[in-house]
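A short worksheet on the structure shown next.
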Amino acid sequence: MSIRDAMRNPICTNCGGPAIIGDMSFEEQHLRIENARLKDELDRVCALAGKFLGRPITGPPLPNSSLELGVGTNGTFGTTMATTTTLPLGHDALPTMVVPSNRPATTLDRSMFLELALAAMDELVKMAQTDEPLWIKNIEGGREMLNHDEYLRTFTPCIGLKPNGFVTEASRETGVVIINSLALVETLMDSNRWAEMFHCMIARTSTTDVISNGMGGTRNGALQLMNAELQILSPLVPVREVSFLRFCKQHAEGVWAVVDVSIDTIKENTTFVTCRRLPSGCVVQDMPNGYSKVIWVEHAEYDESQVHQLYRPLLSSGVGFGAQRWVATLQRQCECLAILMSSTVPTRDHTAITASGRRSMLKLAQRMTDNFCAGVCASTVHKWNKLNAGNVDEDVRVMTRKSIDDPGEPPGIVLSAATSVWLPVSPQRLFDFLRDERLRSEWDILSNGGPMQEMAHIAKGQDHGNCVSLLRASAMNANQSSMLILQETCIDAAGSLVVYAPVDIPAMHVVMNGGDSAYVALLPSGFAIVPDGPGSHGPISNGHVNGNTGGGSSRVGGSLLTVAFQILVNSLPTAKLTVESVETVNNLISCTVQKIKAALQCEMRLSKLGRVGVLSQERTARGESLYGDDQRDKGGGSGIDSGRPFELARRDQKRKSKLKQRRIWCTNPISLSLGI
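If you want our numbering, it's the position in the sequence shown, counting the first as 1, plus 22.
Structural data, given as structure tokens:
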């Protein structure tokens, strides 16, 4: 209406009286219309800022006339309110707005971003504070599940309706963390520190535009645009690329909230997306002992067709990318930082290593783990080329890249192979087996057939599984020198990791004495372990198969194990990849999986589960319960999913016959490829 009024009732800029349209220049008419539009937009932004700050905000003082004009040096008209990169709303109004470098940010963009951020923050806080009926306890595992019907009744979708074919995942987790709210907020609002804190979850991230820096020298009101690549350590789950707003607000003394929300619905020229981040983030409250209570909410919509069947239950249950994983990682990392900052050396640590040597070893181990994650998930950190080779198992992904001018890697052609398998073993038992240097000879060819010795140990947490170790393999004969292996292991409530790499002995001496670890060349290999997700595999059990002695029925659980190797197949970056190199790394990964299965007696377990599955199917066909009518009445299950382990057993038998046909030998060819 203001634009129409300005057009209907023009005012003379000299006397303030009515003006005749015919006496106005075209430029003045255009400026008058633009001025009226900007006034409307300013009122809108002031209203949003008032809601943002919790008190009414007035705009800057405007000229007495409806439009003040000045004559430029070139004789053209220009407004006295020069175009700036900030909104002049006063010192207690909206914080400074910074224009992105790639394109000018319009006032409309800013107001839309702010409106979306405020709506997302409101939704996050309500989802963090509301219990039933919005969140209900899952009978299987006790995790909280989102009541989607209640959610739709309570909230209006702030980024539009769910795209066709997408599925929803939602989770909430509460935990206590060894960090205060201000330090955590600073970490979350700094993309580099955020990626370092969650380096196994975030493949890559960047801040593309800082819309607001915050107020009064704090992060209160900080608003920025970010891109991120989120990952699960498996070649069967694609990396999630998301563009989102991150908004930080202080709600009370010592109470902060940080929320993320995708901007795909309001962003121009948006490409096809496979994941949308609904309002997600955390509410942080300081505790008297210097710790913080964190309530984390994760809510996303994604294209499930891109995910392998093996990992769909893990993602749909909210475990894969869910709140539990963020909180567990945060707790583990903060505990590690607290130990490293402490002047007291843990009793398990190798006392001969100096403080600077510990820092150098930990820095090297983190680089090793980061490179391992980048090789598993094929993120854009490295330029991987995927190979479609006919002589590679269908669930094994093989990629290659050139290593040039990187002092932290040997030069040449690097080949990466990764696969994920389901094992009928608990994640804890699998992790303990793989990290134990005394049992390493049962699966690792680098062990030379004997136990390894731990030469150095640096604790990274209260759990003995969170550490960095330096292992030494015994020489097979007098003419062969012993070899060192750097290994990092970590475990939390969401999963575990075992990463290792052969390292040069003289270089490690330099590192242990506090020298620069950037010049230690290594190529990592290792394992990632996660629970298989609720109800993903196995028959309904009465407790005897999976060791549960309770009276009720439960589903047989297991682990999802990812195995990955990076191998230098040629020291010349210009060399061409050979078929023999691809077969060698495929044989290595297949042989390692088979050795792990044999050591943990997985074939025997699968055989038992297969017999239970056949019995279940026969009784189901007769209308009977696997454990009797009383168990069926109690929800013991009908055995519909019970054939899955039997299918896995048959599939493993097929793979075994394949391996025999290929005559896999886990000895000299692989050792030669590794340069041993």
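For every residue, glycine included, the Cβ atom is placed at its ideal position computed from N, Cα and C.
Note that the structure is a prediction, hence the values are computed from the model and not measured.
Under a Cβ-count criterion, where at least 16 other Cβ atoms within 10 Å of its own Cβ denotes burial, should P155 be classed as buried or exposed? P155 should be labelled exposed.
Got a sec, what are the start and stop residues for the beta strand (DSSP E) A478 sits in? Per DSSP, the continuous beta strand (DSSP E) segment holding A478 begins and ends at 475-481.
Is F266 near L247, with beta carbons less than 9 Å apart? Yes; because the gap between Cβ atoms is below 9 Å, this pair is in contact.
Can you tell me which of A225, L300, M134 puts its alpha carbon nearest to the alpha carbon of L183? Checking every option, the nearest Cα to that of L183 belongs to L300.
Where A396 falls: helix, strand or coil (DSSP): Three-state DSSP puts A396 in a helix.
The alpha helix (DSSP H) spanning R457 covers which residue range? Judged by DSSP secondary structure, R457 falls within the alpha helix (DSSP H) whose first and last residues are 449-457.
How should R54 be labelled, buried or exposed, when 16 other C-beta atoms within 10 angstroms of its C-beta is the threshold for buried? Counting of Cβ neighbours within 10 angstroms places R54 among the buried residues, the total reaching 16 or more.
Taking DSSP as the reference, what is the three-state secondary structure of V533? In the structure shown, V533 adopts helical secondary structure according to DSSP, grouped into three states.
Which first and last residues belong to the beta strand (DSSP E) in which S518 is found? Note, S518: beta strand (DSSP E), 517-525.
Considering only residues of the same chain and omitting the five flanking positions on each side of G379, which have a CB-CB separation below 8 Å? Residues V533, M534, N535, G536 of the same chain have their beta carbon placed closer than 8 Å to that of G379, with the five preceding and five following residues left out of the count.
Per the contact definition of three or more C-beta pairs closer than 8 Å, is the stretch 458-466 in contact with the stretch 427-439? Between the stretch 427-439 and the stretch 458-466 there are fewer than three inter-stretch CB-CB distances shorter than 8 Å, so the stretches are not counted as touching.
Buried or exposed: where does D65 fall if 16 or more other Cβ atoms within 10 Å of its Cβ makes it buried? That one is exposed.
From the DSSP output, in three-state form, read off T240 for me. Coil at T240, not helix or strand.
Nearest-angstrom Cα distance between E605 and D415? Rounded to whole angstroms, E605 and D415 show a C-alpha spacing of 10 Å.
In DSSP terms, what K408 is bridged to: Paired residues: M421.
Could you tell me whether the Cβ atoms of L506 and I480 are closer together than 9 Å? Here L506 is not near I480, since their CB atoms are 9 Å or more apart.
Within 10 Å of its beta-carbon, does E191 have 16 or more other beta-carbons around it, so buried, or fewer, so exposed? Within 10 angstroms of the beta-carbon of E191 lie 16 or more other beta-carbons, which makes it buried.
So the candidates are V259, L384, L590, C270; which of them puts its Cα closest to the Cα of M237? Checked all of V259, L384, L590, C270; the closest Cα to M237 is C270.
Boundaries (first-last residue) of the beta strand (DSSP E) holding S581: Looking at the DSSP string, the run of the beta strand (DSSP E) that includes S581 is 581-592.
Nearest candidate by alpha-carbon position, reference S518, set E510, P524, V525: Relative to the Cα of S518, the nearest Cα in the group E510, P524, V525 belongs to E510.
Just the C-alpha distance for Q353 and E602, rounded to the nearest angstrom, thanks. Straight through space, the alpha carbons of E602 and Q353 are spaced by roughly 44 Å.
Just the Cα atoms here: how many angstroms apart are T229 and N249? Taking the straight line from one Cα to the other gives about 6 Å.
Given a threshold of 16 other Cβ atoms within 10 Å of its Cβ, counted over all protein chains shown, does E431 qualify as buried or as exposed? With 16 or more Cβ atoms within 10 Å of its Cβ, E431 is classed as buried.
Local conformation of T230 per DSSP, three classes: Three-state DSSP puts T230 in a strand.
On a Cα-Cα basis, can you pick out the residue from T176, S339, R389 that is closest to K159? Answer by Cα proximity: S339.
Kindly indicate which residue of P257, V283, D286, V305 has the alpha-carbon position closest to the one of Q272. Of the candidates P257, V283, D286, V305, the residue whose Cα lies closest to the Cα of Q272 is V305.
Residue nearest to F453 in terms of C-alpha spacing, selected from S593, V585, E172, V283: Looking at the Cα atoms, V585 is the closest of the given residues.
Could you give the distance in angstroms between the alpha-carbon of S133 and the alpha-carbon of L409? In a straight line, the C-alpha of S133 is about 46 Å away from that of L409.
R334 by DSSP, collapsed to three states: which one? Per DSSP, reduced to three states, the secondary structure at R334 is helical.
Taking buried to mean at least 16 other C-beta atoms within 10 Å of its own C-beta, is S364 buried or exposed? S364 is exposed by the Cβ-count criterion.
Assigned secondary structure, E326 (DSSP; H/G/I helix, E/B strand, else coil): In the structure shown, E326 adopts helical secondary structure according to DSSP, grouped into three states.
Leaving out the 5 sequence neighbours to the left and right, which residues in its chain are closer than 7 Å to S463 when beta-carbon positions are compared? So the list reads S469, G471, G472, P473, once near-sequence residues are dropped.
So what does DSSP say about F343, is it helix, strand or coil? Looking at F343 - three-state DSSP - the assignment turns out to be coil, as it is neither helix nor strand.
Three-pair Cβ contact test at 8 Å for the stretch 135-147 versus the stretch 278-288: In short, these stretches touch, since the Cβ pair count reaches three.
With the cut-off set at 9 Å, would you say R262 and L252 are in Cβ contact? Less than 9 Å separates the beta-carbon of R262 from that of L252.
Taking just the CA atoms, how far does G555 sit from A377? Annotation: A377 to G555 spans about 40 Å, alpha carbon to alpha carbon.
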